[in-house]
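Peer 1: There's a structure below that I have some questions on.
In my numbering, the protein residues as written are 59 to 461.
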């Protein structure tokens, strides 16, 4: 794998830390600003919505900018947003800081996915994408737990200041290691927009919204769930997040490995198992050992869907994949926002801190249904001689990317 993937992983590490560290600090932030935990959950929802809208916006604004320079500009925006969060005098200001930082997220991963896939042979594209996303998953093993620990010991503002510093490291990594990749000749905005006419691209994005949304329904409120239901001490949230992060690392690497071999079967297995495990979490959350094991499995199964879903979008948006790739990252975060909001709704309705797990199970099951529909349409298209959009064989589509 090219060394440039390390630079992309470094940037992903910083972004992953700021995205997920807020989960372990929700009680502290809520207490400091005098708001309820469901209200503090808007920091998750706001960030996710910022990614959703920022992904296409920043990608469109950067269509005439070389990819390396755009990645550097995005890391600069990320730094500014986290500094604003660290210094925020009021909850509304912190929310603004979260949104500013989130504007860099979707475009960075969207453009980064295209760059990563461009650096390797067609049969290694999902693995290269997974390598970049390893930075995001490792953030949950190292960055998020340490950020949570620092936040609980020295204050959550210190955590966001440290995250801003991670952004500086990411910026330097991109500047030093990512090659200057010229913009694709002849590819204009209308070509990028044309990808959204492909039903397979839209189905993949819908799977992304629902599938990963299932994960966030549970994880957004993991701190109160583990401390108030399972009976863990507040300090245990740190190592529980490490456990979740280890699951993410393993699931991401396995998903990347098998997506290059059997993409749809990988999605069937991961989405089906994720739905079952989330449903079981409503029961296992009442036991310390069982809840810890379940948390690991949610991380593993949830992130096993990321490389195959991202690769599926790249395959079917062949020729002009940058905007579609970025919008799919936004789709992950639309799912995050939707599930975080729904989780807050069921908690506020008095259904308890385990109720979001049922929300997640339903969302993951819906994603599995869409995966079956997508594969069925693709088979029918192949049988009719490739008339249906998205029926081009995967290996040909992969080879066509960026040509």
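All C-beta atoms in this analysis are idealised placements derived from N, C-alpha and C, irrespective of residue type, glycine included.
Are the CB atoms of residue 235 and residue 67 nearer to each other than 8 Å?
Peer 2: Walking along the chain shown from the start, residue 235 turns up at place 177. Walking along the chain shown from the start, residue 67 turns up at place 9. Not in contact: residue 235 and residue 67 (Cβ atoms no closer than 8 Å).
Peer 1: So, helix, strand or coil for residue 391, using DSSP?
Peer 2: Walking along the chain shown from the start, residue 391 turns up at place 333. The answer is helix: DSSP assigns residue 391 an H, G or I state.
Peer 1: Mind reading off the beta-carbon distance from residue 107 to residue 395? Whole number of angstroms is fine, and I expect it under 8 Å.
Peer 2: Walking along the chain shown from the start, residue 107 turns up at place 49. Walking along the chain shown from the start, residue 395 turns up at place 337. Rounded, the Cβ-Cβ distance is 5 Å, consistent with contact.
Peer 1: Using 8 Å for Cβ pairs, my map puts residue 284 next to residue 295. What's the rounded Cβ distance?
Peer 2: By one-based count along the chain shown, residue 284 stands at place 226. By one-based count along the chain shown, residue 295 stands at place 237. That belief holds up - the Cβ atoms of residue 284 and residue 295 are roughly 6 Å apart, short of 8 Å.
Peer 1: Have a look at residue 472 and residue 277 and give me their C-alpha separation to the nearest angstrom.
Peer 2: The structure shown does not extend to residue 472, since the chain is modelled only from 59 to 461, so the question has no answer here.
Peer 1: Cβ atoms of residue 218 and residue 143: under 8 Å apart, would you say?
Peer 2: The count along the chain shown starts at 1 and reaches residue 143 at position 85. The count along the chain shown starts at 1 and reaches residue 218 at position 160. Yes, these two residues count as a Cβ contact at 8 Å.
Peer 1: So residue 435 and residue 265 are in contact, right, with Cβ under 8 Å, and what is the actual spacing, rounded?
Peer 2: The residue you call residue 435 lines up with position 377 of the chain shown. The residue you call residue 265 lines up with position 207 of the chain shown. Not confirmed; about 13 Å, so no contact.
Peer 1: Under a three-way DSSP split, which group does residue 177 fall into?
Peer 2: One-based indexing of the chain shown puts residue 177 at position 119. Residue state, collapsed to three classes: coil.
Peer 1: Within a Cβ cutoff of 7 Å, which residues of the same chain sit near residue 346, ignoring the five residues on either side of it in sequence?
Peer 2: In the chain shown, the residue the question calls residue 346 occupies position 288. Answer for residue 346: 288, 289 and 290, listed in chain order.
Peer 1: Near residue 451, which residues of its chain fall below 7 Å by C-beta distance, leaving aside the five closest residues on each side in sequence?
Peer 2: Here residue 451 corresponds to residue number 393 of the chain shown, with the count starting at 1. Note on residue 451: pLDDT 42, under 50, position unreliable in the model; the coordinate value appears next. Counting only Cβ-Cβ distances below 7 Å, and skipping sequence neighbours, we find nothing.
Peer 1: Assess, as a yes-or-no matter, whether the segment 299-318 is touched by the segment 348-364 under the definition of 3 or more beta carbon pairs within less than 8 Å.
Peer 2: Yes, the segment 348-364 is in contact with the segment 299-318.
Peer 1: Taking only the alpha-carbon atoms, compute the straight-line gap between residue 412 and residue 341 and give it to the nearest angstrom.
Peer 2: Against the chain shown, residue 412 aligns to sequence position 354. Against the chain shown, residue 341 aligns to sequence position 283. Their Cα atoms are separated by approximately 8 Å.
Peer 1: Thinking C-beta only, is residue 371 closer than 8 Å to residue 383?
Peer 2: As a working note, residue 383 is residue 325 in the chain shown. As a working note, residue 371 is residue 313 in the chain shown. Taking 8 Å as the Cβ cut-off, residue 383 and residue 371 qualify as a contacting pair.
Peer 1: Can you list the alpha helix (DSSP H) stretches of 4 or more residues lying completely in the segment 293-332, in chain order?
Peer 2: If we require 4 residues or more, the alpha helix (DSSP H) runs fully inside the segment 293-332 come out as 295-317.
Peer 1: How many Å lie between residue 326 and residue 338 at the Cα?
Peer 2: Within the chain shown, numbered from 1, the residue matching residue 326 stands at position 268. Within the chain shown, numbered from 1, the residue matching residue 338 stands at position 280. Near 19 Å, if we compare the C-alpha coordinates of residue 338 and residue 326.
Peer 1: Reducing DSSP to helix, strand and coil, say where residue 60 ends up.
Peer 2: Counting from 1 along the chain shown, the entry for residue 60 is found at position 2. Looking at residue 60 - three-state DSSP - the assignment turns out to be coil, as it is neither helix nor strand.
Peer 1: Is residue 256 helix, strand or coil by DSSP?
Peer 2: If you number the chain shown from 1, residue 256 lands on position 198. In this structure, residue 256 counts as coil in the three-state DSSP scheme.
Peer 1: Compute the Euclidean distance between the alpha carbons of residue 320 and residue 73, then round it to the nearest angstrom.
Peer 2: Against the chain shown, residue 320 aligns to sequence position 262. Against the chain shown, residue 73 aligns to sequence position 15. In a straight line, the C-alpha of residue 320 is about 29 Å away from that of residue 73.
Peer 1: Rank 201, 387, 401 and 349 by C-alpha distance to the C-alpha of residue 78 and give the top, closest one.
Peer 2: Residue mapping note: residue 78 aligns to position 20 of the chain shown, counting from 1. Here the closest residue by C-alpha is 201.
Peer 1: Comparing C-alpha positions only, which one of 251, 209 and 362 sits nearest to residue 85?
Peer 2: For the purposes of this step, residue 85 is taken as the residue at position 27 of the chain shown. The candidate whose alpha carbon is nearest that of residue 85 is 209.
Peer 1: Counting C-beta neighbours from all protein chains within 10 Å, is the total for residue 344 16 or more, i.e. buried, or is it exposed?
Peer 2: Reading the chain shown from its first residue, position 286 is the one you call residue 344. Label assigned to residue 344: exposed.
Peer 1: With 16 as the cutoff for other CB atoms within 10 Å, does residue 385 come out buried or exposed?
Peer 2: Here residue 385 corresponds to residue number 327 of the chain shown, with the count starting at 1. Answer is buried; the Cβ neighbour count reaches 16.
Peer 1: Roughly how many angstroms separate the alpha carbons of residue 403 and residue 135, rounded to a whole number?
Peer 2: Position 345 of the chain shown, counted from the start, is the residue given in the question as residue 403. Position 77 of the chain shown, counted from the start, is the residue given in the question as residue 135. Straight-line Cα distance between these residues: approximately 32 Å.
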